[in-house]
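Worksheet: the structure to be examined is printed underneath.
Numbering (UniProt numbering), first residue to last: 1 to 767.
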């Protein structure tokens, strides 16, 4: 066996056993000790021979109700995996090989003269103490071989791991004792020293080798628990945001005294306010990236972050945000913290979600295991305020800081309530610095017409004029640069630059920039202008962020049609291009969104101007989509609930049952079907990934807007002044209502749902 290997095959150990047996029989003296040791070696050999034979399918025990061939095959497979466990790193066969190798080294003739070698070969080399320790070593390993004969592989692996440390330590002590009593032959000492070194080195790999099975099982359980704590993952958003910055952006913040004091201090809070569009979110991503880079190898440092988003308020309640911080601090460790596992087991039994207070308590327990925790909270001003989410969340984070070594960095607009919460914190204003804006503009010059790229003096003129106009608002630099795309001459570019406002208030500056962008959209070809306006309507009026596929299907719906025409799909790059810089795609999180929160605010203020019939159009189109013949025909309306949670996990990535209800109607427990939250939980957890749900899963895959349409059509219809015929027809159709119910819950089913439930939710009369 290779000296560096920490494993031994059963064949190698059997062969070495036979070799050592011959040596023992050939020596003289100490007959009692020799026989005692020989008996132990032969007993081990007998067990090894049986295990070897069983793993080859011979003489294996028969299994009841199986024919002979089945029993033989199953037996061979069963014993084979057991033998592999015994042969793994630092397992019994490895240690047996090392014990036998040490005995062989002592029994082999030395390297002296011929007469000396003969005398050494005839003399028993072990004293009574050494024999006793050798016998003990064999008995420890033989007990594991017996365990393998009577237990399943999983139990065997656990037992091997439980005894490995102690057995390896005692083996090292034994070889060290034998070596120390072998000083008469330097070659023998050198050989024993190599054996001892092998044992000591192999001990370093115990957890990685024998513990592989347990580790993989723990990983699966850990993932299940962490997904239960929070299905939301902010890492893709961090990647999206950070990738959009130009290299070097934010260096001023990382080099500031305020930031460095925050990083180095304990229980420090750094509040970073800024005007809309100042680049606060980009700066937050720079901080997160710096922290992750600085402490990636320090397991005693925890880093967690939250990106608040006005479009995700339904999944960003105080308990959701605290749960996500708990998830992030838990997932960075190789195994679950006990308080987290205990919380999961407790709530799993009662089928309930933990309260904000419970989550906060467990978060404190987990954070206390770190020497320091850094938490970055971006855009707190975009948090929900009507239900106490924002103050409750901030208070929980501040309580965490009081109880543990936690440093907090938060960004926000200048909101009095938020400023008051952080009144004792060090404040560092976020503002688009001139170097950062210059980097951004220089990196985007390639988007402008060729004549701009060929004129360095014109490029400098563009940078200078935009810098004069942005007044610390990073977003304005983007909007102003977008206004130059497609211009036909230097004169046209200079005309736009001359018209850029200076010294305007923030709201006026954005209103003008967005108004100019909408004018550019209207000046496009008719089809492009219609595409852009419809896309902006869906994106700004949808109840949550849409995926690219959902937006494509939304724009492809034709009123009064009975089937979806794939030929009517627009490509995402064409949609984004038509929207004149007001829309962007986040690749990592697979969502389409408006360029900024101020863009949403602009369209909310001007909806009557740009999208006066949005509620009517979206409600009609979503019901048209749900009424397509293929969807209605393929989704069954007879369904028996079965326990399970697999599909529910997928559902939570878009519109979870409980979350979507919050999104449908603020303060309402569910999408208007008269059920309690506990009933919602049961329905959500009645979803099973089985053949019975194949029809629903296929529809959700082939018709990606189904989930959004089934969950949110009612919200849009509720805001229509006069109910359209398609709504009345839908409520009158039992089949349509039940199809929508199954799509809404990704296969879950409440057989009692009728059009009357939906009508009651809408506040309308019975159809």
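Positions of the beta carbon are idealized from the N, C-alpha and C atoms, including for glycine.
Note that the structure is a prediction, hence the values are computed from the model and not measured.
query, result
"C-beta atoms of residue 597 and residue 278 nearer than 8 Å", "no"
"Straight-line gap, residue 97 to residue 22 (C-alpha atoms, nearest Å)", "16 Å"
"Which of helix, strand or coil DSSP assigns to residue 540", "helix"
"Span of the alpha helix (DSSP H) around residue 241", "235-243"
"Contiguous beta strand (DSSP E) assignments of at least 3 residues, all confined to the region 338-379", "372-378"
"Cut-off 7 Å between Cβ atoms - residues of its own chain near residue 327, not counting five sequence neighbours on either side", "226, 229 and 230"
"Straight-line gap, residue 179 to residue 195 (C-alpha atoms, nearest Å)", "10 Å"
"Distance, residue 52 Cα to residue 181 Cα", "35 Å"
"Inter-residue Cα distance where the pair is residue 224 and residue 43", "45 Å"
"Simplified DSSP assignment, three categories, for residue 715", "helix"
"First and last residue of the uninterrupted alpha helix (DSSP H) at residue 740", "734-744"
"Contact check, residue 499 vs residue 376, beta carbons under 8 Å", "no"
"Sheet register partners of residue 123 (DSSP bridge)", "28"
"Per-residue DSSP class, three states only, for residue 586", "strand"
"Straight-line Cα distance separating residue 554 from residue 312", "20 Å"
"Under 8 Å between C-beta atoms of residue 34 and residue 24", "yes"
"Candidates 324, 297, 316 and 154: closest to residue 304 by CA position", "324"
"Per DSSP, cross-strand counterpart(s) of residue 703", "The partner list for residue 703 (beta bridge, DSSP) is empty, contrary to what the question assumes."
"Test item: CB-CB of residue 583 and residue 615 under 8 Å", "no"
"CA-to-CA distance, residue 728 to residue 461, given in whole angstroms", "59 Å"
"Contact under 8 Å by Cβ, residue 726 with residue 625", "no"
"Cβ contact (3+ pairs, closer than 8 Å) linking the region 413-426 and the region 336-354", "no"
"Contact the region 248-266 vs the region 574-581: 3+ CB pairs below 8 Å", "no"
"Runs of alpha helix (DSSP H) wholly within the region 441-492 (minimum 4 residues, chain order)", "450-453, 456-470 and 474-482"
"Distance CB(residue 379)-CB(residue 269) smaller than 8 Å", "no"
"CA nearest to the CA of residue 343, picked from 372, 160, 635 and 363", "363"
"Reduced DSSP category for residue 272 - H, G, I as helix; E, B as strand; rest coil", "strand"
"Residue 546 - DSSP class collapsed to helix/strand/coil", "strand"
"Boundaries of the beta strand (DSSP E) in which residue 412 is found, first to last residue", "406-412"
"Residues near residue 399 in its chain [Cβ-Cβ closer than 7 Å; skip 5 each side]", "360"
"Endpoints, beta strand (DSSP E) assigned at residue 302", "301-307"
"Cutoff 6 Å; reference residue 575; Cβ partners in own chain excluding five residues on either side", "535"
"Supposed contact pair residue 20 and residue 48 - C-beta distance, whole angstroms, cut 8 Å", "13 Å between Cβ atoms; not a contact."
"Boundaries (first-last residue) of the alpha helix (DSSP H) holding residue 134", "128-150"
"Cα-Cα separation, residue 403 to residue 302", "15 Å"
"Meets three-Cβ-pair contact criterion under 8 Å: the region 527-542 and the region 598-605", "yes"
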